[in-house]
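Numbering (the UniProt record's numbering), first residue to last: 1 to 705.
Listed below in structure tokens is the structure:
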């Protein structure tokens, strides 16, 4: 009896000792991370000013200097940091010219293709370091032809022109930015028979609507001479190493093979300013364009042509194998070092990059500095956190794609999630996108962080008030570095930012002055992005059970499948195998949620036995790996790099977010051809997706058939 009493007393005493001297719970450190005592808007401002002092396109000395700054900042945070380099194919402009001949009897108009330096521009002394305006990977060549106005250059716009009897073959098209990816604008022009493409920023979309609207530096809008540059490459990564990493001594395909792949345009193209676009529009005749093709209130009446104005477009680019540098920082986990929570942002910019991308780079460094402060307070992550600063994203998600391709097998077996921030801030209003199992986590993080524009509410409260459509977007488009993680190898992913599209995107006016005046004057929005970003990462890295919920995934797939079924209800396509698989996914999601709850309740406050740790690990692996099951080794038809059958870009808009992309593409093709064979392909794609969803449910269930 005495022995029992003594043992009981010892157990109680030991328990009190553990409670008294045990480290704080991880939730304590998470609250500390988002507290005002750790956040530093002045530090973010300093990082951004330093990173944007000079234009720093990929492959330039200025971008290497920016990489060194990121590396030294991470190292100063006691984060193990290193650089991973790749030699990749980049292009730069060598020469370019554009003239417009109004009629055979009139002299040609020559465009200077320059963005004007405004009076008092603090970056005037380095403006000559900005690359001459161009499209990366544009086809070199010289073309002469009448102009046809094609609105936004979408497939449906060419359909409208066909209905109007306008033949695009042999013409140079004029398209405006704003609805689809510029590479798809050029590709659609080529497929329609055009010999060249000009793309401009219309005042209606980027200039404040015209009229009395002011522009930068007096307002946020794009100046008339502003030009949106960017890539027209339709692939991901180095074009000469499709599907494998551009490591030292690697195999490369020839330029001829690159051109035959269909990922680079086969006609010359050029970005031009709104002012130059309007000049050309004034000299286009023919039928009047539809009302929704027209411009701002004081713009000329837009006509579609062709001609009578004739354009002479000449572009010559140089192709260079250049070294790019990804900067990587690693905080190793103490309990599960082989499980990776990855945060990423790219560093390279077409010009100064204050919004795109270095507001995100500044936020990444802010997260790193706060994590250092947590470490000083005793925090250690359960799982490994990796901070990534990518290079050459602007050319085609190159740095992140090469790293994922090089580390494909390790990442496919060990990556918990990838959290992306590209443009951290371009204005007010929080936006987040992600794979559905992260929905609850994103909402919960937003509920814990104060709205930077209204201290009386949280980001979540602002978010739900301002969002008209679904709260959380999806990552079907390939617009940033999450693409390789999610769409190629099936890692759960999220992306977040404050603000939406901004007028000076990819122009020389995207500088620190624009950010300070219009994007985030007090840098409080950038602080808020860092808070949500870091908090989501901390919960993924620290919580014993991964905070994933696949039930919302099943609900979303059900709704999307119903929409597609209704769209083609008269074509004899059965969606029953897909609905059956979705039902199985829903059951598996409920089952694993219940299993998680049961293990938590069985634990109570007592310490876990070893076999309980094994149960937790096994359950987490199922949650982590289920997303991989949505991928297919063969990839999408004619786009094999994209392996994910649930989320991938639309075939005619690389930025567009599409669910069931293989089914979507097949339906579009079948509607055009309307043959039995084309509709058979649709049915095959439904079966493919059904099998992928079935595989995901089996992974979640955790039992062999």
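By construction, the Cβ of each residue, glycine as well, lies at the ideal position given by its N, Cα and C atoms.
Around the beta carbon of residue 638, fewer than 16 other beta carbons lie within 10 angstroms, which makes this residue exposed. Three or more beta-carbon pairs separated by less than 8 Å are not found between the segment 290-309 and the segment 59-78, which leaves the two stretches without contact. Taking residue 565 as the centre and dropping the five residues before and after it, the same chain places the C-beta of 575 closer than 7 Å to its C-beta, in chain order. Counting C-beta pairs closer than 8 Å gives fewer than three between the segment 298-314 and the segment 365-373, which falls short of the contact rule. Taking 3 residues as the shortest admissible run, the segment 85-138 contains no complete beta strand (DSSP E) segment at all. Here DSSP, grouped into helix, strand and coil, assigns residue 56 to coil. Among the bridge pairs identified by DSSP, residue 390 is matched with 346. Classified as exposed, residue 633 has fewer than 16 neighbouring CB atoms from the shown chains inside 10 Å of its CB. Residue 150 is a Cβ neighbour of residue 173, given a cutoff of 9 Å. Residue 344 and residue 330 have their C-alpha atoms roughly 12 Å apart. Taking a C-beta distance under 9 Å as the contact criterion, residue 88 and residue 280 do not qualify as a contact pair. Closest in C-alpha terms to residue 497, from the list 397, 303, 357, comes 357. Checking the DSSP bridge columns, you'll see residue 80 partnered with 330. Cβ neighbours of residue 504 within its own chain (closer than 7 Å, five residues either side excluded): 216, 222, 226, 510, 514. Inter-segment contact for the segment 427-437 and the segment 467-480 is present: three or more beta-carbon pairs are separated by less than 8 Å.
DSSP places residue 187 in no beta strand (DSSP E) but in the uninterrupted alpha helix (DSSP H) bounded by 182-191. Contact check between the segment 204-218 and the segment 346-361: fewer than three CB pairs, one atom from each, fall below 8 Å, which does not count as touching. Segment contact: the segment 31-48 against the segment 529-540, three or more CB-CB distances shorter than 8 Å; contact assigned. When only Cα atoms are considered, residue 161 and residue 392 end up about 37 Å apart.
For residue 520, same chain residues with a beta-carbon under 6 Å away, outside a window of 5 residues either side, are 425, 526 in chain order.
By DSSP's assignment, residue 626 forms no beta bridge with any residue. The continuous alpha helix (DSSP H) containing residue 33 extends over residues 26-33. Taking a cut-off of 8 Å for Cβ pairs, the segment 660-677 and the segment 579-586 do not touch, as fewer than three such pairs fall below it. Burial of residue 270 is indicated by the presence of at least 16 other C-beta atoms within 10 angstroms of its C-beta. Considered as a whole, the segment 185-236 harbours 196-200 as its complete beta strand (DSSP E) runs of no fewer than 3 residues, in chain order. Distance from residue 182 to residue 166 at the Cβ level is roughly 22 Å; contact not present, criterion being Cβ atoms closer than 8 Å. Just so you know, the alpha carbons of residue 383 and residue 80 end up roughly 15 Å apart.
Assignment of residue 49 by DSSP, reduced to helix, strand and coil, places it in the helix class. According to DSSP, residue pairing for residue 593 in a beta bridge does not occur. The alpha carbon of residue 25 has as its nearest neighbour, out of 144, 377, 52, the alpha carbon of 377. DSSP places residue 555 within a helical segment (H, G or I) once states are collapsed to three. Separation of residue 257 and residue 90 (C-alpha to C-alpha, rounded to the nearest whole angstrom) is 16 Å. Under DSSP, residue 430 shares a beta bridge with 498. Residues 546 of the same chain have their beta carbon placed closer than 6 Å to that of residue 620, with the five preceding and five following residues left out of the count. For residue 360, the three-state secondary structure derived from DSSP is helix. As for any alpha helix (DSSP H) of minimum length 4 sitting wholly inside the segment 440-496, the runs are 459-466, ordered along the chain.
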